[in-house]
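Novice: Sequence positions in the sequence shown follow full-length UniProt numbering and run 1 to 347.
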Amino acid sequence: MKKQTITTIGTVAILLAFSVGCSQSKVDNLNAKLMISQEDLSRTQGDLANAKRAQKEAEQAVMIAQNQAETALAKLAEQQQSPIQNQPETAGGKPSGNPTSKKERFSYAVGLQIGGDFGNKEIEIDFAQFAEGVKTAYLSKDTLMTQGESKKVLDEVWKEYQEREKTKRSAEADVAKKAGNDYLAANRKKPGVKVTPSGLQYRIIKAGKGASPTKSDKAECHYRGWTIDGEEFDSSYSRNKTTTFGVTRVIRGWTEALTMMKPGGKWEIVVPQQLAYGPGGKRPKIPPYSTLRFEIELVSVEKAKAVVKKPVTSNIVRIPSQNELDQGAKPEILTKEQEAELKKKNK
Numbered sequence: 001m002k003k004q005t006i007t008t009i010g011t012v013a014i015l016l017a018f019s020v021g022c023s024q025s026k027v028d029n030l031n032a033k034l035m036i037s038q039e040d041l042s043r044t045q046g047d048l049a050n051a052k053r054a055q056k057e058a059e060q061a062v063m064i065a066q067n068q069a070e071t072a073l074a075k076l077a078e079q080q081q082s083p084i085q086n087q088p089e090t091a092g093g094k095p096s097g098n099p100t101s102k103k104e105r106f107s108y109a110v111g112l113q114i115g116g117d118f119g120n121k122e123i124e125i126d127f128a129q130f131a132e133g134v135k136t137a138y139l140s141k142d143t144l145m146t147q148g149e150s151k152k153v154l155d156e157v158w159k160e161y162q163e164r165e166k167t168k169r170s171a172e173a174d175v176a177k178k179a180g181n182d183y184l185a186a187n188r189k190k191p192g193v194k195v196t197p198s199g200l201q202y203r204i205i206k207a208g209k210g211a212s213p214t215k216s217d218k219a220e221c222h223y224r225g226w227t228i229d230g231e232e233f234d235s236s237y238s239r240n241k242t243t244t245f246g247v248t249r250v251i252r253g254w255t256e257a258l259t260m261m262k263p264g265g266k267w268e269i270v271v272p273q274q275l276a277y278g279p280g281g282k283r284p285k286i287p288p289y290s291t292l293r294f295e296i297e298l299v300s301v302e303k304a305k306a307v308v309k310k311p312v313t314s315n316i317v318r319i320p321s322q323n324e325l326d327q328g329a330k331p332e333i334l335t336k337e338q339e340a341e342l343k344k345k346n347k
């Protein structure tokens with residue numbers, strides 16, 4: 001049996017057609033409701049109108065999809081006897097002539113999008129079978145595979161892709177962790193480098209003065225950041241503008257360093273991956289499990305505004321007895337004199 005690839009356009013058309021069928025079924029069901037209950041007539045009529053509108057919108061969507069499919073696949077339909085691999089090619093391996101008409105350009109653009117999706121995932125495609133699958137779906141011809149067979153092979157290929165990606169990510173993580181650990185081991189031996197219990201490494205370039213920021217404060221900083229291979233991924237200096245942020249609104253390595261620095265100070269820090277962006281990284285410049293190096297200048301500290309708490313007062317409330325309540329008495333707040341008298345009695 002030949003290989004078969006279900007295309008995005010064919011799938012969209014099928015789903016939209018299914019949507020039309022569902023909308024028609026909903027209309028039929030609502031018509032039945034009108035005969036069953038006259039009490040719900042007005043509500044059901046409203047639902048019926050909504051269903052009809054949904055059916056009309058779905059029909060329009062199908063027409064649009066069909067027009068797009070016709071435009072994208074007209075050239076293939078006209079050349080049913082000419083396999084795609086036998087079309088004339090230039091020396092560079094490209095089809096002869098650039099797409100010029102709207103139909104040609106749209107068809108080529110659709111091919112680029114679909115091909116890019118599969119190419120980025122490193123999934124191999126048989127282009128002859130791909131083209132045959134497109135024509136078969138578009139022309140509603142007898143297919144070479146059942147729907148169940150198509151789903152099975154798609155699931156198999158997708159599962160294989162996921163397994164490859166999992167293995168690839170695991171290998172990349174091991175490489176990144178080892179590179180980071182090697183860098184940290186070498187850096188800690190450099191003059192002036194200190195290591196905190198968390199594993200953060202720092203070197204004081206310039207000592208500051210004053211009080212260190214707390215976790216509730218904001219810090220104004222100039223900084224540069226590099227990966228351990230020396231690639232700069234961010235710099236406030238390049239923007240010629242400092243950055244102000246909450247001390248806890250940054251990676252953990254930064255928070256720890258800032259709470260030890262003093263205004264005017266300048267440090268170089270090396271942040272282990274677990275104190276940086278960890279397994280997530282920060283794409284595209286910071287891969288997962290990256291150890292990072294920063295140069296931080298603490299320009300100033302914005303102290304958190306003190307929260308003034310109002311003193312809490314406790315008034316003594318006298319609750320009447322049951323007999324008094326039966327006679328209409330209500331709870332009452334004691335005056336200061338009554339409170340003092342009560343305290344004397346309780347001594």
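Ideal Cβ placement from N, Cα and C applies to all residues, glycine included.
Would you say G208 and P263 are within 8 Å of each other, going by their C-beta atoms?
Specialist: Closer than 8 Å, so yes.
Novice: Is the CB-CB distance between A219 and T244 below 8 Å?
Specialist: In this structure, T244 lies closer than 8 Å to A219 by Cβ.
Novice: In the DSSP assignment, what residue or residues form a beta bridge with D234?
Specialist: D234 is bridged to G225.
Novice: How big is the Cα-Cα spacing for I286 and V175?
Specialist: Those two C-alpha atoms are separated by around 14 Å.
Novice: What does a CB cutoff of less than 8 Å around G148 pick up in its chain, not counting 5 residues either side in sequence?
Specialist: Result list for G148: empty, nothing under 8 Å.
Novice: Would you tell me roughly how many angstroms separate the C-alpha atoms of L200 and L184, rounded to the nearest one?
Specialist: Near 9 Å, if we compare the C-alpha coordinates of L184 and L200.
Novice: First and last residue of the alpha helix (DSSP H) that includes I114?
Specialist: Start and end: 102-120.
Novice: Among K215, A276, G111, which one has its Cα closest to the Cα of K177?
Specialist: With distances taken between Cα atoms, K177 lies closest to A276.
Novice: What is the rounded straight-line gap between the Cα of T242 and the Cα of D234?
Specialist: Those two C-alpha atoms are separated by around 12 Å.
Novice: Just curious, the beta strand (DSSP E) that T244 is in, first and last residue?
Specialist: Run containing T244: 243-246, per the beta strand (DSSP E) assignment.
Novice: Considering only the alpha carbon of each residue, which of W158, I251, L258, I316 lies closest to E302?
Specialist: Residue L258 is the option with its Cα nearest to E302.
Novice: Return helix, strand or coil for S300, following the three-state DSSP convention.
Specialist: The answer is strand: DSSP assigns S300 an E or B state.
Novice: Taking just the CA atoms, how far does D326 sit from I333?
Specialist: So the two alpha carbons sit approximately 19 Å from each other.
Novice: Measure the C-alpha to C-alpha separation of residue 366 and I125 and round it to an integer number of angstroms.
Specialist: As displayed, the chain neither begins before 1 nor continues past 347, which places residue 366 out of reach and without an answer.
Novice: Report all residues from its chain with a CB closer than 8 Å to the CB of G280; omit the five preceding and five following residues, and keep chain order.
Specialist: P288.
Novice: Select from Y237, P272, S236 the residue whose C-alpha is nearest the C-alpha of G253.
Specialist: Comparing Cα positions, the closest option is P272.
Novice: Opposite Q129 in the DSSP bridges: which residues?
Specialist: Answer is none; Q129 lacks a bridge partner.
Novice: What three-state label does DSSP hand L292 in the structure shown?
Specialist: In this structure, L292 counts as strand in the three-state DSSP scheme.
Novice: Apart from the five residues just before and just after A179, which ones in its own chain have a Cβ nearer than 7 Å to its Cβ?
Specialist: I228, listed in sequence order.
Novice: Considering only their Cβ atoms, is the gap separating D217 from A304 smaller than 8 Å?
Specialist: Yes.
Novice: Are there 16 or more other CB atoms within 10 angstroms of the CB of A340, so buried, or fewer, so exposed?
Specialist: Looking at its Cβ environment, which holds fewer than 16 other Cβ atoms inside 10 Å, A340 is exposed.
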